[in-house]
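Here's the structure, in structure tokens; my notes come after.
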Amino acid sequence: MEDYKFKGIPTFRITNYEKAIGFYIDLLGFNIDWEHKFGETEPIYMQISKNGLVIHLSENVRFKTGVIIFVETKGIEKFRENILNTKNENLIPEILTTNWNTKQLEIEDPFGNLLRFNEN
Numbered sequence: 061m062e063d064y065k066f067k068g069i070p071t072f073r074i075t076n077y078e079k080a081i082g083f084y085i086d087l088l089g090f091n092i093d094w095e096h097k098f099g100e101t102e103p104i105y106m107q108i109s110k111n112g113l114v115i116h117l118s119e120n121v122r123f124k125t126g127v128i129i130f131v132e133t134k135g136i137e138k139f140r141e142n143i144l145n146t147k148n149e150n151l152i153p154e155i156l157t158t159n160w161n162t163k164q165l166e167i168e169d170p171f172g173n174l175l176r177f178n179e180n
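Below, the structure is given as structure tokens:
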């Protein structure tokens, strides 16, 4: 057995703080854990979380868009129902059954990042 462990936290690039808050906090129900800026005109770097899923969001231009995160999920129907109850104007897709017989809900954020929620 190895003497070390890994724990990963994905970092998504965002280009608009207000849109990020509207999507992740208001629509999906994440919580803001912390926010950081080196100065008033510097890009925001923040951590959000919900039910054990932790994501970093950054306005730093060195991060690229188009990340896909695979999220193991329990209660995917309830999660989708909670999103629909926010009465947000974003189109929330249906839950699909994959070829490997899991339930999957893919939601793209306003910056081109894809959250792929999957339930066995």
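In this note's numbering, each number is its position in the sequence shown, counted from 1, plus 60.
Yeah, the Cβ is synthetic: ideal placement off N, Cα and C, and Gly gets one too.
Nearest-angstrom Cα separation, counted from residue j out to residue i
i, j, result
"Phe171", "Ile74", "6 Å"
"Ile128", "Leu174", "5 Å"
"Asn76", "Lys110", "21 Å"
"Glu179", "Lys79", "27 Å"
Buried versus exposed, by CB contacts within 10 Å (16 or more), residue i
i, result
"Leu151", "exposed"
"Asp169", "buried"
"Ile167", "buried"
Residue from the options with nearest C-alpha to residue i
i, options, result
"Pro193", "Ile81, Trp160 and Glu137", "Limits of the chain in this structure are 61 at one end and 180 at the other, which puts residue 193 out of reach."
"Phe177", "Ile115, Lys134 and Asn159", "Lys134"
"Val114", "Glu132, Trp160 and Asn180", "Glu132"
"Thr194", "Phe130, Asn142 and Asp169", "Only positions 61 to 180 of the chain appear in this structure, which leaves residue 194 out of reach."
"Thr71", "Asp86, Phe83, Ser118 and Tyr84", "Ser118"
"Lys67", "Leu87, Glu78, Gly112 and Leu165", "Gly112"
Any non-hydrogen atom of the ligand NAP within 7 Å of residue i CB
i, result
"Gln164", "Here there are no bound small molecules, and the ligand NAP is not part of this structure."
Notebook entry, point to check: Does the segment 145-154 come within contact of the segment 118-126, defined as at least 3 CB pairs closer than 8 Å?
Noted result: They do not touch, by the three-pair rule.
Notebook entry, point to check: Do the segment 104-115 and the segment 80-95 make contact, defined as three or more Cβ pairs closer than 8 Å?
Noted result: Counting Cβ pairs under 8 Å, three or more are found: they touch.
Notebook entry, point to check: What are the uninterrupted segments assigned as beta strand (DSSP E) that are 3 or more residues long and contained completely in the segment 143-180, given in chain order?
Noted result: Annotation: the segment 143-180 contains the following complete segments of the beta strand (DSSP E) (minimum length 3 residues), in chain order: 163-168 and 174-179.
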